[in-house]
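Enquirer: Just so we're aligned, residue 61 is where the sequence shown starts under this note's numbering, counting upward by one.
Below is one structure. I have some questions about it.
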Amino acid sequence: MPLRIEDYAVIGDCETAALVGRDGSIDWLCLPRLDADACFAALLGGPENGHWIIAPEETAEVSRRYRPDTLILETVFTTREGRVLLIDFMPLNGKASDVVRIVVGLEGRVRMRSELIIRFDYGSTVPWVRRLDDGILRAVAGPQMLALKTPAPLRGEDLATLSEFAVSPGERVPFVLTHAPSYLPPPELPDPFAALNDTEQFWLEWSGRCSEAGPWSDAVRRSLITLKALTYAPTGGIAAAVTTSLPEQIGGV
Numbered sequence: 061m062p063l064r065i066e067d068y069a070v071i072g073d074c075e076t077a078a079l080v081g082r083d084g085s086i087d088w089l090c091l092p093r094l095d096a097d098a099c100f101a102a103l104l105g106g107p108e109n110g111h112w113i114i115a116p117e118e119t120a121e122v123s124r125r126y127r128p129d130t131l132i133l134e135t136v137f138t139t140r141e142g143r144v145l146l147i148d149f150m151p152l153n154g155k156a157s158d159v160v161r162i163v164v165g166l167e168g169r170v171r172m173r174s175e176l177i178i179r180f181d182y183g184s185t186v187p188w189v190r191r192l193d194d195g196i197l198r199a200v201a202g203p204q205m206l207a208l209k210t211p212a213p214l215r216g217e218d219l220a221t222l223s224e225f226a227v228s229p230g231e232r233v234p235f236v237l238t239h240a241p242s243y244l245p246p247p248e249l250p251d252p253f254a255a256l257n258d259t260e261q262f263w264l265e266w267s268g269r270c271s272e273a274g275p276w277s278d279a280v281r282r283s284l285i286t287l288k289a290l291t292y293a294p295t296g297g298i299a300a301a302v303t304t305s306l307p308e309q310i311g312g313v
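Okay, here's the thing in structure tokens:
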């Protein structure tokens, strides 16, 4: 069943932004800018049009929040097997667009599954995918390239990249997805845990400059963070919405 628009949360790096559903699926992401073509366009159609879901294999209860005064999304899945935390964010490094997802075991031993379906050009172009010698997965379609790095096992099936793994309390499994032009050397992927710390510090410093607004301070800061996420840092322009480049149909203008 398709998610409602209110079931999506925003993560971004002040150059582009992604929509993350309550089910753990990134269903909309334009790279490398907010007005570029989408590589995940399931928001328009279905998973076959591009998405990246990380979630428990079995049915789960879901709760989520942003870390206070940041744009770091935390989703907790509770299953019969236990509880697991999914941390989603985009580092603000100014070098490349990265999506970092970290799975953290909280209770029990939870079996997880990742399904990555990359479809460039608003869900219409299937990339050529191969594994490099260093284990990084590289997906290329024309001038566009995405690189995926994770310690989790990966396999290809039906034009998708799948992973099954399990986490116990305290275990952390990171996934890093980085965009770069395909005609340049493969980019250096960030350390996920250092990037998490740097991203948190950026948002805390930025939101900490907000003046107090009495009982509405939290709501005001959250609104400002959202506006900051929609701001294209190189120019200061603000997009009307994360879906500013949404076409009317798959493959449309």
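The beta carbon of each residue, even a glycine, is placed where N, CA and C say it ideally should be.
Here the structure is a predicted model, which is why all the values come from computation and not from measurement.
Please classify L244: does DSSP put it in a helix, a strand, or coil?
Expert: Three-state DSSP puts L244 in coil, outside helix and strand.
Enquirer: My guess is that P250 and V236 are in contact by the Cβ rule of under 8 Å, so how many angstroms apart are they, rounded?
Expert: With a Cβ gap of about 6 Å, P250 and V236 count as contacting.
Enquirer: Taking the beta carbon of I177 as the centre, do at least 16 other beta carbons fall within 10 Å, making it buried, or is it exposed?
Expert: I177 is buried by the Cβ-count criterion.
Enquirer: CA-CA distance, T238 and I162?
Expert: Cα-Cα distance, rounded: 15 Å.
Enquirer: What does DSSP give as the partner residue(s) for M172 in the beta ladder?
Expert: Beta-bridge pairing links M172 to P116, F225.
Enquirer: Which of helix, strand or coil does DSSP assign to D95?
Expert: D95: coil per DSSP, three-state reduction.
Enquirer: Could you check which residue in E231, R232, L79, L208 has the C-alpha nearest to that of L222?
Expert: Among E231, R232, L79, L208, the Cα nearest to that of L222 is on L208.
Enquirer: Output the distance between the C-alpha atoms of S277 and V136, rounded to the nearest integer angstrom.
Expert: If you take the alpha carbons of S277 and V136, they lie about 26 Å apart.
Enquirer: Taking 8 Å as the cut-off, decide whether the C-beta atoms of L133 and A77 are in contact.
Expert: No.
Enquirer: Do D87 and L79 have their C-beta atoms within less than 8 Å of each other?
Expert: Yes.
Enquirer: Leaving out the 5 sequence neighbours to the left and right, which residues in its chain are closer than 7 Å to T259 when beta-carbon positions are compared?
Expert: I132, F149, P151, L152.
Enquirer: Do the CB positions of P116 and V170 come within less than 8 Å of each other?
Expert: Contact: yes.
Enquirer: With burial defined as no fewer than 16 other Cβ atoms inside 10 Å of the residue's Cβ, what is the status of F253: buried or exposed?
Expert: Looking at its Cβ environment, which holds fewer than 16 other Cβ atoms inside 10 Å, F253 is exposed.
Enquirer: Measuring CB to CB, does G165 end up less than 8 Å from V122?
Expert: Against a cut-off of 8 Å, the Cβ pair of V122 and G165 comes out as no contact.
Enquirer: According to DSSP, what are the bridge partners of D158?
Expert: In the DSSP output, where bridge partners are listed per residue, D158 has T238.
Enquirer: Could you say which of I114, M172, R127 lies nearest to E141 if we only look at CA atoms?
Expert: Nearest option by C-alpha distance: M172.
Enquirer: Unbroken beta strand (DSSP E) runs of length 3 or more, entirely within the region 117-147: which are they?
Expert: For the region 117-147, whole beta strand (DSSP E) runs of length 3 or above, ordered along the chain, are 121-126, 133-138.
Enquirer: I'd like to know whether the C-beta atoms of P187 and A201 end up nearer to each other than 8 Å.
Expert: A contact, by the Cβ cut-off of 8 Å.
Enquirer: In the DSSP output, what is K209 paired with across the bridge?
Expert: DSSP lists V236 as partners of K209.
Enquirer: Exposed or buried, which one is N109 when buried takes at least 16 other CB atoms within 10 Å?
Expert: By the 10 Å Cβ count, N109 comes out buried.
Enquirer: Pull up the DSSP beta-bridge partners for V164, would you.
Expert: L145, R232, per the DSSP bridge assignment.
Enquirer: Have a look at the DSSP bridge pairing and note the partners of R198.
Expert: Paired residue(s): R190, A207.
Enquirer: Quick one: what's A78 bridged to in DSSP?
Expert: Answer by DSSP bridge pairing, in chain order: I71, L89.
Enquirer: Quick check: what's the CA-CA separation for R190 versus L197?
Expert: Rounded to whole angstroms, R190 to L197 spans 6 Å at the Cα level.
Enquirer: Using the beta-carbon count (16 or more within 10 Å), is R179 buried or exposed?
Expert: Buried, because 16 or more other Cβ atoms sit within 10 Å of the Cβ of R179.
Enquirer: Using a Cβ-Cβ cutoff of less than 6 Å, which residues in the same chain neighbour D97 once the five nearest sequence positions on both sides are dropped?
Expert: If we look at D97 and ignore the five residues flanking it on each side, its Cβ neighbours are D181, Y182.
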